[in-house]
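Please read the structure below before turning to the comments.
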Amino acid sequence: MTVTAELKDVTKAYGNKIVVDAVNLQIHEGEILALLGPNGSGKTTILKILAFIENPTGGEVTFQGEKVNFKNTEKVRLQSTLVFQKTTVFGTSVYYNIVYGLKLRKVPKQTRDREVKKALELVKLEGFEKCNARKLSGGEQQRVAIARALVLKTKLLLLDEPTANLDPKNAGILEEVIDTVNREDKVTIVMATHNMFQAKKLPHRIALMDEGKITEIGSPAEVFGKLSKNLASFAAVDNTFTGTAKATAAGTSKVDVGNGVQIEVTAQRQGATVVFINPQDIILSKTAVESSARNMFKGKITEITDLDSLVKLKVNVGKPFTVQITKQSFNEMGLCLNAEVFIAFKASSVQVL
Amino acid sequence: MADLLGDIVQAFQLILSGDPEIYGIVSRSLFFSGTAIILAILWGTPIAMLIAMKEFRGKTILKTLFNTLIGLPTVVLGLILFLIFSKAGPLGFLGLLYTPGAIMIGQAILVTPILVSIGISAIESVDPEIMNLSKTLGASESQAQIAVLKEAINGIVLSDLASFNRAIGELGVVLLVGGNIAGGGNRTDVLTTAISRDVQIGEIGLAVALGILLVIILFTINIIVVVLRKANYLVELAKGPYSKLKSSREIAK
């Protein structure tokens, strides 16, 4: 198997704070590797090191067999590109944004124009060339960012939480693009995510990260199969809870995740279990609603994050749940911090890992 | 009152008649101040970039220093430069005193604090991620810095304009190092110094004509930049092939 890039004992510290701790990681050509872990686990720093915009404090980075140092950084940087979690665009046209990297590579104008058109088609933004990139919606801007990275046809494509701030429609488009470029163009992809659902679906391999270290690495089946070892790492990911499952008479199971919260799931389980609920599958209401949802909890809103057309809320029901609703719903419901709300989700929406 | 009216009428007659003396002074003013701004841009922009983009000890002090220097009375700077350029001064051997060169250098030094201070704010107001973004797309350190500079183009042009206005309208430096020489091959009289001289010798009509022209120059340049900024033309000029940007809604239509 050909290795595209390799980190050997790579450490990164900012002052006294170690954010990446002696990481060894091989990135295989043509694979999608997901770095899965909670916020602050060092995922973004690893991506920045692989994009050669951040120098490690210790250890060695090789790219296509060549050791990367300050002399060849600018050369290898042309072979790797990173799409940030917080979308940044140049304050000008979509065309200029996408063509920027091609110009740096001195690609002839005709080829440039053709590639820009192709990339825009891939991210479903045909005809947006003359649009002011800063006037696009968050989702559209993120798609411009992906197109801007894709036209470069780098050996390595690095994506930092590519769908974290997107509505389901834009997230779906991006997941499709990631899958297509990997399958058809054989682009090697490393993506950071704390979306358990995405981590199970897209990558060939998962590297589980916690506190700057890689705690587990392998295929999704292998990593999710060794749950007991990594419970702590998993528990730090949004809407992922560990607990003890007990079968019910109705053929389902109830997972006691602590603090009086019992989550009903459709699978029959016994003993230590990890469950994950997609934030989009949770229904939020101001009063208790009678419905078919098997799980309903009362709690308080502890955090509100504005994500363009969506709003992300943290609701503490004894355990903290992340809930994603549209901004329109948020405004119509007149929600605010510390408001009492109910959350509900179906037993079948709960993924048992 | 009749005298004043007469002076104003004479001023307009002079302006409209295309008087070579008047337009000689105007073109000298434009040339000296234009060259001074180019000089100041050449050294001021790298200084602004360095201070805005790099982290180093004493950065805040340096920024405060440039801010403070904006308010330095031009006559004080003129005096300092006079002492430096005078025969006994450290640069006396260059023989620059009372030459156009001294005026241009003097004005360039005068406007450097404005250029640097506004330049720093413009660069610092650019999204800090632009630097990293350019690098991830393959830019070298200097190419990434240029990308940041392009994002700050509106502020940079504003600083150039403010500097030009300050240069063409100032009196102290040009008077002290230029000498206001109105004859010979190396004339150093410009709009401001000529106005002051003409008032002293009672040529009020000529002084008023020059004053009107000075205001017209300042006004015209400001209007041009305001119009360009409104059309977002400066940003596009610096960056892309499209002079008119559309919003996504227009595209959707």
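Taken in order, these protein sequences are the chains called X and B. If you use this note's numbering, the first sequence closes out at 578, no skipped numbers anywhere. If you use this note's numbering, the second sequence closes out at 485, no skipped numbers anywhere. Each residue gets a CB set at the ideal place from its N, CA and C atoms; glycine is no exception. Predicted model only: the values in this text are computed from it and were never measured.
query: Quick check on N541 of chain X: does DSSP put it in helix, strand or coil?; result: strand
query: Determine the DSSP secondary structure at E482 of chain B, reduced to helix, strand or coil.; result: Its pLDDT being 49, under 50, E482 of chain B is placed unreliably in this model, and the coordinates cannot settle the point.
query: Cβ of L460 of chain B less than 8 angstroms from any chain X Cβ?; result: no
query: Going by C-alpha distance, which of X:G437, X:H429 and X:D435 is nearest G443 of chain X?; result: X:H429
query: When DSSP labels each residue in this structure, what does K273 of chain X get in the three-state scheme?; result: helix
query: Can you tell me which of the three DSSP states S353 of chain B falls into?; result: helix
query: Could you tell me which residues DSSP puts in a beta bridge with L382 of chain X?; result: X:T306 and X:I414
query: Leaving aside the five residues before and after V457 of chain B along the sequence, list all residues of the same chain whose C-beta is less than 6 angstroms from its C-beta, in chain order.; result: L393
query: In angstroms, rounded to a whole number, what distance separates the CA positions of Q242 of chain B and L438 of chain B?; result: 8 angstroms
query: Which residues in chain B sit within 8 angstroms of R373 of chain X, going by Cβ to Cβ distance?; result: L369
query: What span of residues does the beta strand (DSSP E) with L232 of chain X cover, start to end?; result: V228 to Y239
query: Between the C-alpha atoms of Q432 of chain B and T425 of chain B, what's the straight-line distance to the nearest angstrom?; result: 11 angstroms
query: With distances taken from CA atoms, which of X:V412, X:N563 and X:F501 is nearest Q169 of chain X?; result: No statement about residue 169 of chain X is possible, as the shown extent of chain X runs from 226 to 578 and does not include it.
query: Go ahead and label M226 of chain X buried or exposed: buried means 16 or more other beta carbons lie within 10 angstroms of its beta carbon, across all protein chains shown.; result: exposed
query: Against chain B, which members of the stretch 325–344 of chain X pass a CB distance test of less than 8 angstroms?; result: Y325, G326, L329 and R330
query: Keeping to the same chain, check which residues put their C-beta closer than 6 angstroms to that of C356 of chain X; ignore five residues upstream and five downstream.; result: V319
query: Quick one, are the C-beta atoms of V582 of chain X and V406 of chain X less than 8 angstroms apart?; result: Because residue 582 of chain X is not part of the residues shown, which for chain X are 226 to 578, the question remains open.
query: Tell me the DSSP bridge mates of D531 of chain X?; result: X:V536
query: How many angstroms separate the CA atom of V513 of chain B from the CA atom of V405 of chain B?; result: Residue 513 of chain B cannot be examined here, being either before or after the span of chain B that is shown, 233 to 485.
query: In whole angstroms, what separates the C-alpha of L596 of chain X from that of D404 of chain X?; result: Missing from the structure shown is residue 596 of chain X; chain X here goes from 226 to 578 and no further.
query: On the CB-based measure, 16 or more other CB atoms within 10 Å of its CB, does E409 of chain X come out buried or exposed?; result: exposed
query: Using the beta-carbon count (16 or more within 10 Å), is Q245 of chain B buried or exposed?; result: exposed
query: Name, please, each residue of chain X whose Cβ falls closer than 8 angstroms to the Cβ of E383 of chain B.; result: F315 and G316
query: Sort X:E340, X:S362, X:E441 and X:K380 by Cα distance to R373 of chain X and report the nearest one.; result: X:E340
query: If you reduce the DSSP assignment to three classes, tell me which class V499 of chain X lands in.; result: strand
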